[in-house]
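Undergrad:
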Amino acid sequence: MAFHDTLVVVPEDTASTQKAIQRYALAVVYYATGGLNWNEQINFLSGTDECSWNDRVNGYFLGAGRCNGYGMITTLALWGNNLMGFLPNEIGAFVH
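Counting from 153, one number per residue, gives the positions in the sequence shown under this note's numbering.
1. Could you check whether residue 245 and residue 183 sit closer than 9 Å to each other, using their CB atoms as the reference points?
2. How close, in whole Å, do the beta carbons of residue 171 and residue 223 come, if the pair is a contact with beta carbons under 8 Å?
3. Mind checking residue 164: buried by the 16 CB within 10 Å criterion, or exposed?
4. Going along the chain, which residues of its own chain have a beta-carbon closer than 7 Å to the beta-carbon of residue 209, five neighbours each way excluded?
5. Let me make sure I understand the geometry here. Which of 202, 233 and 247 has the alpha-carbon closest to that of residue 186?
6. Return yes when the Cβ of residue 226 is within less than 9 Å of the Cβ of residue 217, no when it is not.
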């Protein structure tokens, strides 16, 4: 991720360090659960801020987002998305 992330988050303070950790944790969740085979990619690993890695599917929120005022993920909804594998320890990075 350090060499392939098109957003290139450079931690400069505590807030940006937390954002970089959050982005890394989401990437680990993506790969650990077979993200390449998800039914909906929902902008994961795109060059956009991870708060926009979501969409409405059949009227329901799907993805990562609903960020708080600090840009920290408050909702991770990956239901019905063909997840395979395991939830990695990095899921613990989402404390908001």
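Glycine included, C-beta positions come from ideal geometry on N, C-alpha and C.
TA: Based on what the coordinates show:
1. The Cβ-Cβ distance between residue 183 and residue 245 does not fall below 9 Å.
2. In this structure, residue 171 and residue 223 form a Cβ contact; the two beta carbons are roughly 6 Å apart against a cut-off of 8 Å.
3. Exposed, since its Cβ has fewer than 16 Cβ neighbours within 10 Å.
4. The residues are 192.
5. Nearest C-alpha to residue 186 among 202, 233 and 247: 233.
6. Contact flag set, yes.
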